[in-house]
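Student: Below: one structure in structure tokens.
In our numbering, the protein residues as written are 14 to 218.
Rendered as structure tokens:
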């Protein structure tokens, strides 16, 4: 996780962004929670799509059906491409998207690199302090991978402004299948907390 956070910061540095709006989905959301918690001086706002705060997720593993929802992770450590394509479809991703992702992962080294995120994950991956930056959390009530308990508990781990948007009936693949529904809440969040114009520092009044 430290390397993934450093990668995201390096991209921002390369773009000359001293402060920036941060949005992540699924694994990207997990990295975003870490980055926002550890570097609030760099992050103007956080938008977490589907992914709850890691501490809320940990609590849900102990007191809900979340372990069953997360059973795919063990499979993700050792799949082959045909099985991965089938798993993506069964998780609710449309066949065209599943084929596109499976084709990309068929490139030399791509699948091993993607699965390395799961293989390298340990207990420290879920140890994240409370986040102080303004946070928007979007979740689909039909998400087969991430349940309601962790989603609703996320508010306890945000010390700053926080708002949860629930997309009724939507599944896990919100960016791919519900982009239009995401756009309004996301843009509203960014407009509410604009980055200051003076060198990208501070809040705009």
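Just so you know, even glycine gets a beta-carbon here, dropped at the ideal spot from N, CA and C.
Are the segment 31–38 and the segment 123–143 in contact at 8 Å, needing three or more beta carbon pairs?
Tutor: At 8 Å Cβ cutoff, the stretches do not touch.
Student: Taking the beta strand (DSSP E) that residue 159 falls in, what are its first and last residues?
Tutor: From DSSP, residue 159 is part of no beta strand (DSSP E); its letter is neither H nor E.
Student: Quick one: measure Cβ to Cβ for residue 228 and residue 65, integer angstroms, because I've assumed they're closer than 8 Å.
Tutor: Because the chain is modelled from 14 through 218, residue 228 falls outside the range shown and cannot be assessed.
Student: Helix, strand or coil for residue 152? Go by DSSP, reduced to three states.
Tutor: In this structure, residue 152 counts as strand in the three-state DSSP scheme.
Student: At what residue ranges does the segment 40–70 contain a whole run of the alpha helix (DSSP H), taking only runs of 4 or more?
Tutor: As far as the segment 40–70 is concerned, its whole alpha helix (DSSP H) runs of at least 4 residues are 40–51.
Student: If residue 101 sits next to residue 115, beta carbons under 8 Å apart, how far is it from one beta carbon to the other, in whole angstroms?
Tutor: The Cβ separation is near 7 Å, so the contact holds.
Student: Using a Cβ-Cβ cut-off of 7 Å (strictly less than) and excluding sequence neighbours within five positions of residue 109, which residues of its own chain qualify?
Tutor: Closer than 7 Å at the Cβ level, and outside the excluded window around residue 109, lies no residue.
Student: Between 121, 49, 98, 107, which has its C-alpha nearest residue 187's C-alpha?
Tutor: The option with the nearest alpha carbon to residue 187 is 107.
Student: Who pairs with residue 178 in a beta bridge, going by DSSP?
Tutor: In the DSSP output, where bridge partners are listed per residue, residue 178 has 151.
Student: Measuring alpha carbon to alpha carbon, tell me which of 48, 168, 152, 167 ends up nearest residue 138.
Tutor: For residue 138, the nearest C-alpha among the options comes from 48.
Student: Within 10 Å of its beta-carbon, does residue 63 have 16 or more other beta-carbons around it, so buried, or fewer, so exposed?
Tutor: It counts as buried.
Student: When burial is assigned at 16 or more other CB atoms within 10 Å of the CB, is residue 103 buried or exposed?
Tutor: Counting Cβ neighbours within 10 Å, residue 103 comes out exposed, since fewer than 16 surround it.
Student: Nearest to residue 170 by CA position, among 69, 40, 160, is which residue?
Tutor: Of the listed residues, the one whose Cα sits closest to residue 170 is 69.
Student: I need the straight-line Cα distance from residue 206 to residue 161, nearest angstrom please.
Tutor: Computed Cα separation, rounded: 27 Å.
Student: Please go through the same chain and pick out, in chain order, the residues whose beta-carbon is closer than 7 Å to the beta-carbon of residue 179, but skip the five residues on each side of it.
Tutor: Excluding sequence neighbours, residue 179 sits near 152, 154.
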